[in-house]
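There are 2 protein chains.
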Amino acid sequence: MNSGRFTPESARLDDAARAAWLYYVAGNTQDEIARKMGVSRQSAQRLVATAVAERLVKVRLDHPIGRCMDLAEALTKKYALQSCEIVPSDPGAPDLLTGVAIAAAIELERVLKSPEGKIIALGTGRALKATVEQFPRMTSPQHRIVSLLGNMMADGSATPYNATISLAERVGATHYPYPLPVLASDAAELENLHGQRAVRNTIALCGQADFTLVGIGQMDHSAPLFVDGFVPETEMRELAAAGATGEITSWVYDSHGVLIDCAFNARVASAPLPKAADRRVVAVAVGAAKLAAIDAACQGRLVNGLITNEATAELLLAK
Amino acid sequence: MNSGRFTPESARLDDAARAAWLYYVAGNTQDEIARKMGVSRQSAQRLVATAVAERLVKVRLDHPIGRCMDLAEALTKKYALQSCEIVPSDPGAPDLLTGVAIAAAIELERVLKSPEGKIIALGTGRALKATVEQFPRMTSPQHRIVSLLGNMMADGSATPYNATISLAERVGATHYPYPLPVLASDAAELENLHGQRAVRNTIALCGQADFTLVGIGQMDHSAPLFVDGFVPETEMRELAAAGATGEITSWVYDSHGVLIDCAFNARVASAPLPKAADRRVVAVAVGAAKLAAIDAACQGRLVNGLITNEATAELLLAK
DNA sequence: CTATTTAATGAATATTTGCCCATGCACTAA
DNA sequence: TTAGTGCATGGGCAAATATTCATTAAATAG
């Protein structure tokens with residue numbers, strides 16, 4: 006049933022995809038699918054469930070929901086954004102990433118459909134990871150995908166929120182990981198690290214990116230930097246005292262979206278934030294906790310595009 | 006709730022889209038949606054149904070099989086087939102038989118899994134041989150496997166593309182070989198051959214077959230009939246002049262799938278092609294060279310099922 | 001203002017789906 | 001070979017979904 010390499014695993018996915026097609030596209034009931042595929046009804050159900058679990062089934066809504074359009078327009082005006090995408094919130098789970106992840110994946114797909122080779126720069130974090138998971142497989146080796154920062158801790162261990170590798174894999178493009186820790190121990194080590202030829206090349210690519218997609222981190226007790234163990238509590242307190250409101254690829258900024266001149270930022274190993282004037286720099290972020298951080302980033306023109314959900318958009322407008 | 010002009014219709018679609026989003030993307034049940042949107046459960050169901058009916062919900066399958074299913078559906082419609090199976094092509098080897106052979110074997114297996122004794126009729130050729138090679142061993146002596154044609158040349162030597170014997174061996178079923186050459190020397194000899202009791206019995210079985218699986222031969226310089234030495238070049242040219250486009254079990258047909266009334270067909274010793282109206286007659290065929298032959302066979306209802314690959318399916322649809 | 005038609009609603013019900021669990025089969029290690 | 005370990009299978013049942021139908025509300029014409 007499968008021409009290439011035949012493995013039990015690929016056969017299982019083939020069947021799952023076939024069942025899902027019959028279910029979602031052709032509109033069969035699971036009973037009919039079972040008969041057509043010669044399995045029991047329960048097995049058919051399992052196949053469909055597998056296809057959903059393996060993310061083979063992608064659902065999208067082809068309708069601009071009025072309320073979301075209104076919010077997007079209002080935010081575009083408020084922050085002078087180049088692009089703004091609002092997805093509906095689930096009232097019960099307003100911080101759900103799935104919706105924005107799909108929207109971001111569609112945006113990304115639009116860029117990567119181009120026949121010209123594009124450079125895509127990606128940050129890290131849960132939102133980015135969720136976005137890449139929504140991304141369909143395609144074959145577009147003309148593009149280059151580059152990481153804006155490392156995901157290693159000082160001891161060399163890595164967080165799992167890496168988006169570059171899996172996106173590159175799905176796109177079939179070459180990728181440029183960022184082979185540095187998130188933070189250097191001091192400015193001197195940083196200079197040394199940045200001197201490496203490969204690193205210089207990667208950073209240069211980041212500066213030329215046609216499309217940059219980043220997450221936004223808040224700076225309170227639930228801050229990704231703190232939760233993931235990059236920054237100890239004492240330093241978090243110092244940063245808060247210095248007015249830290251949010252961070253993008255670890256660069257910490259204040260409530261106006263201006264990078265803070267502090268010891269912490271002097272150790273940040275990430276690529277410099279692109280000037281969001283001439284290139285598209287889009288943030289994906291959701292949740293009340295990130296409110297101040299999103300507001301500041303937009304105000305300070307650290308990003309010129311925003312993908313968020315209804316609930317967050319309403320809070321932003323109320324600010 | 007809606008930007009731009011407010012009409013009852015657009016509000017209805019907005020709600021439908023929102024409900025569909027909560028259902029398909031956020032994974033709510035219709036009960037939850039009803040509570041969240043403040044409507045009854047039935048209304049929520051209707052909203053979701055509306056969104057589907059209005060085609061606001063787009064589902065796609067991120068798996069090679071998805072494309073295959075689309076093609077199968079299109080071909081089923083185009084040729085009014087009873088069944089159509091498309092396997093993914095290996096882009097590097099678009100004429101590889103392995104994929105379709107596995108698919109055909111699975112189809113065959115489905116029939117042979119039945120506890121009732123079935124009659125299976127088989128043609129010859131590389132595709133059939135490959136199919137049988139993919140067939141697992143089983144013990145189902147209740148079935149009968151019968152050959153639709155011989156594989157002897159006039160001198161009594163045999164081509165190796167015999168499927169009946171090895172399938173019967175793998176299934177553990179009784180088999181009925183076709184003890185005649187492919188071609189008689191003339192109509193008189195043919196009548197004589199067909200008079201044999203065993204042959205009459207075999208042909209009768211072919212007519213009752215529950216499932217008939219055949220290959221399709223093209224009629225150009227790469228024709229199996231020519232390559233395997235059944236037909237000399239001069240006769241091939243005559244047939245081509247008479248409009249021969251393809252052959253199934255050596256019966257030669259024109260570009261509309263109508264058997265050609267000619268000296269050659271008068272010598273063909275194979276069992277008559279089953280009327281593909283009431284019985285399942287499935288062809289396995291792959292490759293650009295067979296395009297016209299496949300198209301004609303389907304057009305002329307010589308077969309009512311097709312197993313091929315993605316590349317061939319695309320070419321057929323483009324015709 | 002009323003009669004008539006149309007569309008929307010929710011109750012009742014039929015169908016479909018999701019899940020748990022006992023069973024059995026295949027594979028592994030001793 | 002045998003006991004053990006997983007893992008797929010299908011029965012059974014509860015949950016969720018779709019459909020039908022009678023009723024009511026709204027819209028429109030007279």
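The listed protein sequences derive, respectively, from chains L and R.
Just so you know, we're using our numbering here: the first sequence kicks off at 6 and counts up by one.
Just so you know, we're using our numbering here: the second sequence kicks off at 6 and counts up by one.
Quick reminder that beta carbons are idealized off the backbone N, C-alpha and C, glycines included.
Bounds of the beta strand (DSSP E) holding L:E252 are G251 to I253. In the DSSP secondary-structure assignment, L:T313 is bridged to L:I91. At a beta-carbon threshold of 7 Å, none of the residues of chain L lie near R:V257; the nearest stands roughly 30 Å away. Only buried fits R:T207, as 16 or more other CB atoms lie within 10 angstroms of its CB. In terms of beta-carbon proximity, L:D19 lines the interface with chain R, with at least one pair separated by less than 8 Å.
Within chain R, no residue has its CB atom less than 7 Å from the CB of L:V105, the nearest being about 11 Å off. R:E121 counts as exposed, since fewer than 16 other beta carbons sit within 10 angstroms of its beta carbon.
Closer than 8 Å at the C-beta level to chain R, one finds no residue of the region 269-303 of chain L. Rounded to the nearest whole angstrom, the CA to CA distance from L:N270 to L:Q223 is 15 Å. Given a length threshold of 3 residues, each whole run of the beta strand (DSSP E) inside the region 12-97 of chain L is given here in chain order: 62-66 and 88-92. The three-state secondary structure of R:T179, taken from DSSP, is strand.
Counting the other CB atoms within 10 Å of its CB gives L:H68 a total of 16 or more, which places it among the buried residues.
In chain order, G222 and M241 place their CB closer than 7 Å to the CB of L:A228, counting only its own chain and leaving out the 5 sequence neighbours on each side.
In this structure the region 29-40 of chain R lies against the region 91-102 of chain L, because at least three pairs of beta carbons, one per stretch, are closer than 8 Å.
With contacts defined as CB atoms closer than 8 Å, R:D215 and R:V151 fail to qualify as a contacting pair. Shown here, L:L218 sits in a strand according to DSSP, grouped into three states. Under the 8 Å Cβ criterion, the region 51-69 of chain R does not count as touching the region 83-90 of chain R, having fewer than three qualifying pairs.
Nearest Cα to L:G200 within the set L:A247, L:A276 and L:A126: L:A276. Chain order gives the chain L residues near R:A22 as L66, H68 and I70, where near means a beta carbon separation below 7 Å. Shortest Cα-Cα distance from L:G305 to any of L:V286, L:A274, L:G155 and L:P165 involves L:V286.
Within the region 75-102 of chain L, the residues whose Cβ lies closer than 8 Å to some Cβ of chain R are D75, E78, V92, P93, D95, P96, G97, A98 and L101, listed in chain order. Residue environment analysis places L:P184 among the exposed positions, since fewer than 16 neighbouring C-beta atoms fall within 10 angstroms of its C-beta. L:T317 and L:A302 have their alpha carbons spaced roughly 14 Å apart. The C-alpha of L:V64 is placed about 39 Å away from the C-alpha of R:V219. Contact check for L:I91 and L:T313: beta-carbon distance about 6 Å, within the 8 Å limit, so the pair qualifies.
Taking all protein chains in view, the Cβ of L:K118 is surrounded by fewer than 16 other Cβ atoms within 10 Å, so the residue is classified as exposed. Considered as a whole, the region 165-212 of chain R harbours 179-181 as its complete beta strand (DSSP E) runs of no fewer than 3 residues, in chain order. When secondary structure is reduced to three states using DSSP, L:R142 falls in the coil class, being assigned neither helix nor strand. Here R:I265 is not bridged, per DSSP, to any residue.
Against chain R, the CB of L:L61 has a partner CB under 8 Å away; the residue lies at that interface. C-alpha of R:P182 to C-alpha of L:P141: approximately 50 Å in a straight line.
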